[in-house]
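Protein chains in written order, with our numbering: chain S, -9 to 351; chain F, -9 to 351; chain D, -9 to 351; chain E, -9 to 351. All C-beta atoms, glycine included, are put in the ideal place defined by N, C-alpha and C. What follows is a set of notes on a single structure, which appears directly below.
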């Protein structure tokens, strides 16, 4: 609902880019999850802009846990995390001139001018910091259960970079890498592509590929609460996401005889010979890795001049978006997707195994 | 949740392929929507298998409105539609031998063997008949408000067929065509491709493209209940859907300067010069056509022999799926997508304008 | 939401008094609950009007399970039960003349005249038959887990009749008695009181007292999803319920020193010396019996003449409610409350222990 | 769900008595509601303990609006209010010794010892400060629409004090009075009763009566989301509430001929001659005042010695609850009930009239 997702665990985002701060409220979290403050800080660092390929905005992302944690463990009560804003420069934003392909105009239509338009307000990508903090609460608990999640940069612009590994070590290496890439050549290609666009006042998009391994079979619900529906619904909440695809790339161009995943016996259990289904059949996990790809559009903020219309006077005019922005958010988005995926998995486990599913034993 | 979607209007599917029937319960529907029985029958016909390119199973899809309608109008109380099963041949299904890339194994894992496995049971595509009936309740009410929805076959296998028009007449023509195609040459190519696969005991998939026009600006919610999240969540509920993409095809490969939709003034109102965003920014409609593409995997039921494992004995064995199945469900799926999209739109209008949003004035 | 309740299990009522029938859809039910058809029929009989103290309307309440059951067990898919209407006499109802203290006028205000007004339509107490059928699905599964529920008639009009026992045998005796009373003298007093009112063309109300025993400690959520909130929300859904009270009668008139339930050790576990809290503290069960009382207003349908207003002409007029009605619904309501309480308990167990909480082992 | 209530507007409480603070997140609030900071402060003052009849704990209740407000109006984005704790004395609380009729033991059962037990933690009445702040956002917007809410002290212990008025001036006078009483004699009786109990180390409870006037007819949903269900569900979330009753006191002891509210014409519209139904029929408002009574048990914290059991050693022992507590929370609870009722009304209006229902025009 609205700014929330989750059935048994409800995650709600709040805050604005240039207001007091951004935050997240997690209701329904199991008691007894150990809080790893270093890990939270580390995850926030991975999301933070850095170097030439990112916005010059720098914030330490100091977070405050306002509730739900006692003696280093979750209590089971709602857990609220707040990240105050410190480095905001509102003068960069002109009310009345909507930035093309941002949410400025649609926010205005929905909220009748009462919206906080500064820096995208509530629609700003800055709120994903809170999502990452929320994810960092559950990721260690999932790892303890043998569930690992990682997202790599599959493509930047039109350049193919990496496929996601589906073994534990490979996934961990990707998850803890700076950009979702473990290969220096791929990193160099990515940087070059982004810097070239940036040098022309332009931006690029790309594709992220995510794997979740270690899931038990039988998670998810039929029809509208299948694993695909739950993941897609949460991932489409991330700004700039325009498509979500599960399983083998371009499975829609395969014949059934090739796309079908034959059943075999492996280690005394039923497995599939291939994993074109991406670990999901009928919306339910089959125990194989869950695989999905997320396409991210090019950052709409570019420094080139663009045509826009003054919302008050209805006059067409030219806008040069100043502010501080990323020429490409793909490298940072991947940690947001990891976080969202982890929260969806935590929710599905709680639905299946009950309110103590993530409690440390 | 589970077998439901919708915030203000809750649509829940129930039923099994070889049980008493399939049905849908619509709770929260506005009072005073005129029921067009001919239109419901017509929509069900468009979904129904027909000709060489479809399963030989033939059912009249006689539906019964069990509640919520009085004197030809919705009452506002929950509207239940039930479609009894008449032509079921359970002997085609062998318990214990899961069909590759069907939900047989995952249903077994989730429900511990208590599932009705016959013909896919609750996971069967047959339940989409009830979805189509539900959609046929609201589509006429949306058209009365100037909102039109249509889905065309964009690709079958690797063959490009059609783009979706975004004008009223074009959309209506597509919506009422037999296959989501209005061009004889494209229809012939589609049929040839499907029949070729069928003749080899195989199946094919494809891509559907959908447009929704006439939506007011300002629908949808920020973050996890944006238009993309709501549509994707519902569309991924449809069996065989593996990806959902919004806006311009491959927008992730464009530079920002090309992908961005500049604002212009048109007919005295703000519009966008292009529509690469697919009518949505920040999860909120901007008044331009909403465009999305849905990829459908090849039908998993093929008559070629496939490897599977007996769930009781854990022995690998060969399965020839008999039953009656479609070599390609893409032509039929498009009417299901229209229906789901219509229900999501009806829900968003109700959230925005209140519980009488669809009441005939 | 709307016609639903439940978090992990969603129960939705549909149907109308004089339409095709009434029904219930249960989504999220555990797989592997054994269906006891005799028990369902028995429970429906207990709800059914009978004898002088009830409406003359007689229906066999033949129910049809339309989905979700296979080979005698729940499958885990949505379970739909439909009870067709057979004996309806619509001519008893005059459109335009709202019956005092019925929902006729409020339905008209909400649904703008599109409501099915016949016999109260969707607001009719007849829909509770479907609730009872739904309850009869889970009650045997709860009993298997040592959880017993019973509701007795505590008061009819101003006459005190019985307190609810909190031992297994006593509760079962009450649950299976004809009127929620096991004492012949009390039954006679109840009948006399009701028949006296009936003979004067009038009606009476009363109070029901319910106990739930065998609940584990730790069920329920803090604040707005506490056990009291969940039970009250569902019970107030039952027509004619005007108050719900938990724990010791008139606890608000006790001093704290008397109302507080001291902790003691019993059978090696912590228990409370008294149970003035009714088994709930902070919205969470403490393992003691959950006790609540439900006040039922007198049946609004009486044969005495009453003042009403023609909704079309706005003229005041006199209405003699004919139809067939109960002079007192308290004896029948108790089986509805048992059913609702059982469904709430099943839901809380599923939230706590996961989606298989009620599966037969 | 859990710590939330509301359909279109979701209110979630978080925080702990002795942690960083308490807060509330309001998601789905209309844009353009004017924030009246003085009114929020005033409402918090009415809830705050004061004088001899209240706990000696004194906190300024300085609240911080962390999101969702810009330029003095709600933006429509989630509104988060946080009230930091300043004056906490954790040494008053002994882990392991559950206080009788508090949530200490049940929290321990539910959260397995991970709960923040200090001062009741998340179960503390202190969280109602955040509820009052949330209510203070919407109460002015409701008043602008002619909707007024007030709660008076109907009874303290066994002493009857006041009935709630149902005219605008009377309700405003009660709402802005110090204790929910406008009569000096009643105030004196209330204080005497409470002080007498306090002097004996004991506590008392009471009954609050609430009226909501100015509601349009047609709010609420049939069955499980009727006005009674929605109000009761939210009000039972308030600590110490043990019963909720709607309409005429003891309506269950009336005959139908007296309880029924005859329809009449008044000012050219249909009204009821009496209001024994408390403004609700079939769960839907009829335009008459909504009336309900809430029973509050005596404060469980008393200074007399009580029996309890050490949760670790399972030894029975005597506990003298020190801390700082109210001998009676009834006078303070009434402002919490006003706030909760206002939020439920705001939610129902939003469901009915859409997401701008409360926007200032």
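Checklist entry - So, is the C-beta of residue 1/E closer than 8 Å to a C-beta in chain S? => result no
Next on the checklist: Give me the chain D residues within the contact set of residue 181/E, using Cβ-Cβ distance strictly less than 7 Å, ordered along the chain.
Outcome noted: Result: empty, since nearest Cβ-Cβ is about 17 Å, beyond 7 Å.
Checklist entry - If you count every other CB in all the chains shown that lies within 10 Å of the CB of residue 256/E, and 16 or more means buried, which is it? => result exposed
Checklist entry - Between the C-alpha atoms of residue 132/E and residue 37/F, what's the straight-line distance to the nearest angstrom? => result 48 Å
Checklist entry - Which class does residue 214/D belong to by DSSP, given the choice of helix, strand or coil? => result helix
Next on the checklist: Quick check for students: name the residue ranges of the beta strand (DSSP E) that lie wholly in the stretch 189 to 241 of chain E, counting only runs of 3 or more.
Outcome noted: 196 to 203 and 231 to 236
Next on the checklist: If you measure between the beta carbons of residue 70/E and residue 13/E, is that distance less than 8 Å?
Outcome noted: yes
Item to check | Where residue 140/E sits in the DSSP three-state scheme | outcome: strand
Checklist entry - Does any CB atom of chain S fall closer than 8 Å to the CB of residue 322/D? => result no
Checklist entry - With respect to the alpha helix (DSSP H) encompassing residue 130/D, which residues constitute its N-terminal and C-terminal limits? => result 118 to 134
Checklist entry - What residue does the beta strand (DSSP E) around residue 57/D start on, and which one ends it? => result 54 to 57
Checklist entry - Which residue comes first and which comes last in the beta strand (DSSP E) that contains residue 327/S? => result Run containing residue 327/S: none in the beta strand (DSSP E); it sits in the alpha helix (DSSP H), 320 to 343.
Item to check | Sub-8 Å separation of residue 351/S and residue 208/F beta-carbons | outcome: no
Checklist entry - Taking just the CA atoms, how far does residue 316/S sit from residue 46/S? => result Any reading at residue 46/S must be qualified, since the residue scores a pLDDT of 48, below 50, and its modelled position is unreliable; the value itself is stated next. Approximately 8 Å, taken between the alpha carbons.
Next on the checklist: What residue range does the alpha helix (DSSP H) around residue 96/F cover?
Outcome noted: Boundaries of the alpha helix (DSSP H) harbouring residue 96/F: 94 to 101, taken from the DSSP string.
Checklist entry - Using the rule of at least 16 other Cβ atoms within 10 Å of the residue's Cβ for burial, across every protein chain shown, is residue 32/E buried or exposed? => result Note on residue 32/E: under 16 other CB atoms within 10 angstroms of its CB, so exposed under the neighbour-count rule.
Next on the checklist: Is residue 333/D close to chain S? Criterion is C-beta to C-beta, closer than 8 Å.
Outcome noted: no
Checklist entry - residue 249/S and residue 263/S: beta carbons closer than 8 Å? => result Result no, Cβ atoms of residue 249/S and residue 263/S do not sit closer than 8 Å.
Checklist entry - Nearest chain D C-beta to residue 212/S closer than 8 Å, yes or no? => result yes
Checklist entry - Which chain E residues are close to residue 72/S, counting only those with a beta carbon under 7 Å from its beta carbon? => result Under the 7 Å cutoff, chain E gives 56.
Item to check | residue 306/E - DSSP class collapsed to helix/strand/coil | outcome: It is a strand residue.
Checklist entry - residue 128/E to residue 342/E, Cα distance in whole Å? => result 16 Å
Next on the checklist: Does the CB of residue 63/S have a neighbour CB from chain A at under 8 Å?
Outcome noted: In the displayed structure, chain A is absent; the protein chains listed are S, F, D and E.
Next on the checklist: Is it buried or exposed, residue 189/F, if we count other Cβ atoms within 10 angstroms and call 16 or more buried?
Outcome noted: Exposed is the call here.
Checklist entry - Just curious, the beta strand (DSSP E) that residue 283/D is in, first and last residue? => result For residue 283/D, the uninterrupted beta strand (DSSP E) run begins and ends at 280 to 286, by DSSP.
Next on the checklist: Is the beta carbon of residue 309/F closer than 8 Å to that of residue 271/S?
Outcome noted: no
Next on the checklist: With a threshold of 8 Å between beta-carbons, can residue -8/S be considered close to chain E, or not?
Outcome noted: yes
Checklist entry - Could one say the Cβ of residue 113/E lies closer than 8 Å to chain D's Cβ atoms, at least one of them? => result For residue 113/E, a Cβ of chain D is located within less than 8 Å of the residue's own Cβ.
Checklist entry - What three-state label does DSSP hand residue 162/S in the structure shown? => result helix
Next on the checklist: Can you check whether the C-beta of residue 347/D is within less than 8 Å of a C-beta belonging to chain E?
Outcome noted: no
Checklist entry - Can you give, in chain order, each stretch of the beta strand (DSSP E) that sits fully within the stretch 245 to 271 of chain F and has at least 3 residues? => result 253 to 256 and 259 to 262
Item to check | Inter-residue spacing [alpha-carbon to alpha-carbon] between residue 30/E and residue 324/E | outcome: 16 Å
Checklist entry - Applying a beta-carbon distance threshold of less than 9 Å, which residues of chain S neighbour residue 336/D? => result By Cβ distance, chain S contributes nothing, its closest Cβ being about 14 Å from residue 336/D, past 9 Å.
Checklist entry - Per the contact definition of three or more C-beta pairs closer than 8 Å, is the stretch 217 to 226 of chain D in contact with the stretch 273 to 283 of chain D? => result Touching, yes.
Checklist entry - Under the DSSP definition of a beta bridge, which residues are partnered with residue 145/F? => result Residue 145/F has 150/F and 197/F as its beta-bridge partners, per DSSP.
Next on the checklist: Quick check: the Cα distance between residue 178/F and residue 141/F, rounded to an integer number of angstroms?
Outcome noted: 18 Å
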